[in-house]
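A.B. asks: Just so you know, the sequences run in chain order A and B.
The first sequence runs 1 to 204 under this note's numbering.
The second sequence runs 1001 to 1204 under this note's numbering.
Protein chains: 2
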Amino acid sequence: MSRLIDFYYDYSSPYGYLASERIEAVASANDYTVVWRPILLGAVFKVTGQAPLTEAPLKGDYAIMDFARAAREHELDYQHPATFPIPAVAACRATLWIRDHEDESVRSKTSEFVHATFRAYYTQGKDITNPGILGACASEQGIQAEDLLEAIQQPAIKESLKSEVNNAIEVGIFGSPMMVVNGEKFWGHDRLEQLGRWLKTGGW
Amino acid sequence: MSRLIDFYYDYSSPYGYLASERIEAVASANDYTVVWRPILLGAVFKVTGQAPLTEAPLKGDYAIMDFARAAREHELDYQHPATFPIPAVAACRATLWIRDHEDESVRSKTSEFVHATFRAYYTQGKDITNPGILGACASEQGIQAEDLLEAIQQPAIKESLKSEVNNAIEVGIFGSPMMVVNGEKFWGHDRLEQLGRWLKTGGW
């Protein structure tokens, strides 16, 4: 049994952002650690045949209302981005490069970078498809932006993201956020409470 | 401001069943009353372009696991029906006939009939597309089964169901369960806690 929560998310997912702000408290209250697993839902949707939530008739309007309502309930900043959804390829690659870096001092900044990137997009209206913005999110954490921006152009990191996405599909990930704990899946920002009860009790 | 919770559901929705078992406690704890609003999601899906949840790749397997997990958490009986989904037309019509009956002694049995019908399908493996089963659910509540079975064949009740479904689409209903309180929508069995907080605080 591991004490890890695999936190799968797409940067282009408001519920992923909201959950990213709350998952660490749920994890640490139960002695678990979050593993950040950025993916591209677009690639997953090719398998599941889904469309982006906000583009669905009726459901899309509800979702846009609900993002803001959920943010208010949990006192989180939220501004629905003017450009949405976005292809979060560069942000995913940057996160993986930091998370899997050989240098512990870089790896240890993963959470901070994830939060900085999500907040840039959902609270400051910044374009996180722009490598310059990602570089700024990195350098705020003491990570060399030039190293990052060069690294995310390399074949190795591109392969790494492909492999992460394929792995997510194999695991059965189909949405954002999805949390997996010892094989048990929880889908959605609105399942954080249930996940907390599961961790606390050991399941039912 | 009304003290009513419009509870929209499809009998062919396991989350609708689970929420039907819990919504009255949430309502009465906050001095609200539940209005049962059975609909046919199939008709709604023609507008939204959705497919039944359990037929979606990846998501379908998760959903079937999650129905049972949610039932266990809340100590509710649940057996995933062998035949699923089903066209719940007759069950909807029967519910509307009872709910809108001119005789208060019939109307007052609406909740009991809803529960009996849901439980017949999700805990006893009964075929609620069969009028005989619906008649039995009614007569257990002291409602004349013959009256019910004749009524659900009449043009008036068919029109009534059409009008309920059209009304639901106009309101923006796209799933089951959906709860609407003074225009505020809450989608999903997993939003009952949030709905309770909303009712208690007056919203945020």
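Heads up, the beta-carbon is just placed ideally off N, CA and C, and yes, glycines get one too.
Check distances from the C-beta atoms of the stretch 1080 to 1102 of chain B to those of chain A and list, in chain order, the residues that come in under 9 angstroms.
C.D. replies: Taking 9 angstroms as the Cβ-Cβ cut-off against chain A, none of the residues of the stretch 1080 to 1102 of chain B qualify.
A.B. asks: Using the beta-carbon of each residue, which ones in chain A are nearer than 9 angstroms to Arg-1072 (chain B)?
C.D. replies: Within chain A, the residues near Arg-1072 (chain B) are Trp-204.
A.B. asks: Among the candidates B:Gly-1188, B:Tyr-1032, B:Trp-1198, whose CA atom is the shortest distance from the CA of Ala-1019 (chain B)?
C.D. replies: Minimum Cα distance to Ala-1019 (chain B) is reached at B:Gly-1188.
A.B. asks: I'd like to know whether the C-beta atoms of Ile-1143 (chain B) and Leu-1096 (chain B) end up nearer to each other than 8 angstroms.
C.D. replies: Not in contact: Ile-1143 (chain B) and Leu-1096 (chain B) (Cβ atoms no closer than 8 angstroms).
A.B. asks: Using DSSP's beta-bridge definition, name the partner residues of Leu-4 (chain A).
C.D. replies: A:Thr-33.
A.B. asks: List the whole-angstrom C-beta distance separating Val-11 (chain A) from Ile-128 (chain A), where the pair is believed to meet the contact cut-off of C-beta under 8 angstroms.
C.D. replies: Residue identity differs from the one stated: residue 11 (chain A) is Tyr in this sequence, not Val. At roughly 6 angstroms, the Cβ-Cβ gap stays under 8 angstroms, so Tyr-11 (chain A) and Ile-128 (chain A) are in contact.
A.B. asks: What are the residues in the stretch 1150 to 1183 of chain B lying within 9 angstroms of chain A by C-beta distance?
C.D. replies: So the list reads Ile-1169, Gly-1172, Ile-1173, Phe-1174, Gly-1175, Met-1178, given in the order they occur along the chain.
A.B. asks: Beta carbons nearer than 7 angstroms to chain B: which residues of the stretch 116 to 150 of chain A have them?
C.D. replies: So nothing in the stretch comes that close.
A.B. asks: I'd like the list of long-range same chain contacts for Leu-76 (chain A), defined as Cβ closer than 7 angstroms, with 5 residues on each side in sequence excluded.
C.D. replies: So the qualifying residues of the chain are Leu-18, Glu-21.
A.B. asks: With a 10 Å radius around its C-beta and 16 neighbouring C-beta atoms as the bar for buried, classify Met-178 (chain A) as buried or exposed.
C.D. replies: Buried.
A.B. asks: Curious, which full-length alpha helix (DSSP H) runs of at least 4 residues does the stretch 130 to 185 of chain A contain?
C.D. replies: Complete alpha helix (DSSP H) runs here, min 4: 131 to 139, 145 to 151, 155 to 171.
A.B. asks: By the 10 Å Cβ neighbour count, where 16 or more other Cβ atoms means buried, how is Ser-13 (chain A) classified, buried or exposed?
C.D. replies: Its Cβ being crowded by 16 or more others within 10 Å, Ser-13 (chain A) is buried.
A.B. asks: Could you give the DSSP three-state label for Pro-38 (chain A): helix, strand or coil?
C.D. replies: Three-state DSSP puts Pro-38 (chain A) in a strand.
A.B. asks: Whose C-beta lies closer than 7 angstroms to the C-beta of Ala-116 (chain A) among residues of the same chain, with five residues either side of it excluded?
C.D. replies: Cβ within range, chain order: Cys-137, Glu-140, Gln-141.
A.B. asks: Trp-1036 (chain B): buried (16+ other C-beta within 10 angstroms of its C-beta) or exposed?
C.D. replies: Classification for Trp-1036 (chain B): buried.
A.B. asks: List the whole-angstrom C-beta distance separating His-80 (chain A) from Ile-64 (chain A), where the pair is believed to meet the contact cut-off of C-beta under 8 angstroms.
C.D. replies: That belief holds up - the Cβ atoms of His-80 (chain A) and Ile-64 (chain A) are roughly 6 angstroms apart, short of 8 angstroms.
A.B. asks: Taking the straight line between their C-alpha atoms, what separation do you get for His-101 (chain A) and Gly-1172 (chain B)?
C.D. replies: Cα to Cα, His-101 (chain A) sits roughly 47 angstroms from Gly-1172 (chain B).
A.B. asks: Go ahead and pull the three-state DSSP assignment for Trp-187 (chain A).
C.D. replies: Strand at Trp-187 (chain A).
A.B. asks: Just to make sure I have the definition right: I need the residues of chain A whose C-beta is within less than 8 angstroms of the C-beta of Asp-1190 (chain B). Which are they?
C.D. replies: What Asp-1190 (chain B) touches in chain A: Gly-188, Asp-190, Arg-191, Gln-194.
A.B. asks: Do you know whose CA, among B:Pro-1038, B:Lys-1185, B:Gly-1196, B:Trp-1198, lies nearest Ser-1163 (chain B)'s CA?
C.D. replies: Measuring from the Cα of Ser-1163 (chain B), the nearest candidate turns out to be B:Pro-1038.
A.B. asks: Looking at Ala-1090 (chain B) and the ligand SAM, is the gap between the Cβ and the nearest heavy atom below 7 angstroms?
C.D. replies: What this structure holds is no ligand at all, so the ligand SAM is not there to describe.
A.B. asks: Beta-carbon of Gly-49 (chain A) versus every beta-carbon of chain B: anything under 8 angstroms?
C.D. replies: So yes, Gly-49 (chain A) belongs to the interface.
A.B. asks: Along the stretch 1052 to 1066 of chain B, where does the CB come closer than 7 angstroms to a CB of chain A? Name the residues.
C.D. replies: Flagged, chain order: Ala-1056, Pro-1057, Leu-1058, Lys-1059, Asp-1061, Tyr-1062.
A.B. asks: Between the stretch 1104 to 1119 of chain B and the stretch 1051 to 1071 of chain B, do three or more beta carbon pairs fall short of 8 angstroms?
C.D. replies: Flag = no, the stretch 1104 to 1119 of chain B and the stretch 1051 to 1071 of chain B do not touch.
A.B. asks: In whole angstroms, what separates the C-alpha of Phe-1007 (chain B) from that of Leu-148 (chain A)?
C.D. replies: Straight-line Cα distance between these residues: approximately 51 angstroms.
A.B. asks: Ignore the nearest five residues each way along the sequence and tell me which others in Glu-51 (chain A)'s own chain have a CB closer than 8 angstroms to its CB.
C.D. replies: The residue asked about is misnamed: residue 51 (chain A) is Ala in this sequence, not Glu. Cβ within range, chain order: Phe-45.
A.B. asks: Of all the CB atoms in chain A, is at least one closer than 8 angstroms to the CB of Lys-1200 (chain B)?
C.D. replies: No, its Cβ sits nowhere closer than 8 angstroms to a Cβ of chain A.
A.B. asks: Could you name the residues of the same chain whose beta carbon sits closer than 6 angstroms to that of Leu-53 (chain A), not counting the 5 residues immediately before and after it, in chain order?
C.D. replies: Excluding residues within five positions, the ones whose Cβ falls inside 6 angstroms are Ala-63.
A.B. asks: Measuring only between beta-carbons, confirm whether Ala-1046 (chain B) sits less than 8 angstroms from chain A.
C.D. replies: Looking at the sequence itself, residue 1046 (chain B) is Lys, so the reference to Ala does not match. Chain A, which has no Cβ nearer than 8 angstroms to the Cβ of Lys-1046 (chain B), makes this no.
A.B. asks: Check the Cβ-Cβ distances between Lys-185 (chain A) and every residue of chain B, and say whether any is below 8 angstroms.
C.D. replies: Cβ-Cβ to chain B under 8 angstroms: yes for Lys-185 (chain A).
A.B. asks: Look at the alpha carbon of Glu-1184 (chain B) and the alpha carbon of Lys-59 (chain A), and state the distance between them as a whole number of angstroms.
C.D. replies: Distance between the alpha carbons of Glu-1184 (chain B) and Lys-59 (chain A) is about 14 angstroms.
A.B. asks: Go ahead and label Trp-198 (chain A) buried or exposed: buried means 16 or more other beta carbons lie within 10 angstroms of its beta carbon, across all protein chains shown.
C.D. replies: Flag for Trp-198 (chain A) reads buried.
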